[in-house]
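Residue numbers (the numbering used here): 56 to 283. C-beta atoms are modelled at their ideal positions from N, C-alpha and C, and glycine is treated no differently. This structure is a prediction, so every number in the text was calculated from the model and none was measured. So the structure is just underneath, and the comments pick up after that.
As structure tokens, then:
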């Protein structure tokens, strides 16, 4: 049986957030696996038959200084084929598939508390990197499953983007590894319209991201990858 090693990351705590989907979703994927596609989507599973998806969840601190070094250490230990990072986007109505990581972060100015200073994530790196996830195929699966989702131009200028950029900067010298970032909304179990999605639906979205990325890894020509 062929084995694909998958790392799915999230964050261990967000201030004021009781149920953090970027903690719960990776953990659920590691415990329950990537599941199977909806009935009638036999093509979505055929490529993965006989493939063991070994999923490892990694919970990171919301810290510029600590998040990437911790993830990098896990990557060096696991040697994954796929790395999917997740974070929380408070005002999102659905899953946000991040297209681009920018070489920019906003950090607190020690000289003037409350002000932010813009700095590059990597002073010697390019201005941006495109995701390596097959976004078009993933969004197609989301639409089939009724999961609200959108493309996002970037992951902002905080820790999520810095981690995303550092991950793709590392992946630029590891061309066989697929990597990208998914922003999750708040957990909202209410049937009323508004921001957020039920946790079970977010776990299902995570499963589809893993499955479709694994499919693309195994058959790059089978599903188009969206770079812009």
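For residue 236, the residue or residues it bridges with in DSSP: As a position in the chain shown, residue 236 is number 181, starting the count at 1. DSSP lists 140 as partners of residue 236.
Alpha helix (DSSP H) runs contained entirely in the region 134 to 222, provided each spans 4 or more residues: 190 to 200
Start and end residues, alpha helix (DSSP H) containing residue 118: Along the chain shown, one-based indexing puts residue 118 at 63. No alpha helix (DSSP H) holds residue 118; DSSP gives it neither H nor E.
Cut-off 8 Å between Cβ atoms - residues of its own chain near residue 113, not counting five sequence neighbours on either side: Here residue 113 refers to the residue found at position 58 of the chain shown. Closer than 8 Å at Cβ, skipping near neighbours: 62, 63, 64, 65, 81, 125, 126 and 129.
Residue of 272, 195, 262 and 219 minimising C-alpha distance to residue 118: Here residue 118 refers to the residue found at position 63 of the chain shown. Here the closest residue by C-alpha is 219.
Same chain only: Cβ atoms within 8 Å of residue 265, ignoring 5 sequence neighbours per side: Here residue 265 corresponds to residue number 210 of the chain shown, with the count starting at 1. Answer for residue 265: 61, 63, 84, 89, 108, 110, 137 and 139, listed in chain order.
Bridge partners - residue 64, DSSP secondary structure assignment: One-based indexing of the chain shown puts residue 64 at position 9. For residue 64, which the question treats as bridged, DSSP gives the partners 113 and 140.
CB-CB length for residue 204 against residue 149, believed under 8 Å: Taking the first residue of the chain shown as 1, we reach residue 204 at position 149. Taking the first residue of the chain shown as 1, we reach residue 149 at position 94. Rounded, the Cβ-Cβ distance is 5 Å, consistent with contact.
Alpha-carbon to alpha-carbon, residue 121 and residue 131: Locating residue 131 in the chain shown gives position 76, where the first residue counts as 1. Locating residue 121 in the chain shown gives position 66, where the first residue counts as 1. Distance between the alpha carbons of residue 131 and residue 121 is about 16 Å.
Contact check, residue 238 vs residue 152, beta carbons under 9 Å: Taking the first residue of the chain shown as position 1, residue 238 is located at position 183. Taking the first residue of the chain shown as position 1, residue 152 is located at position 97. Closer than 9 Å, so yes.
Per-residue burial, residue 70 [other beta carbons within 10 Å of its own, 16 or more giving buried]: Counted from its first residue, the chain shown places residue 70 at position 15. Classification for residue 70: exposed.
Distance between beta carbons of residue 155 and residue 192, contact taken as under 8 Å: Position 137 of the chain shown, counted from the start, is the residue given in the question as residue 192. Position 100 of the chain shown, counted from the start, is the residue given in the question as residue 155. Actually they do not touch by this definition, with Cβ atoms about 18 Å apart.
Per DSSP, the bridge partner or partners of residue 252: Here residue 252 is taken as the residue at index 197 of the chain shown, counted from 1. Under DSSP, the beta-bridge partners assigned to residue 252 are 242.
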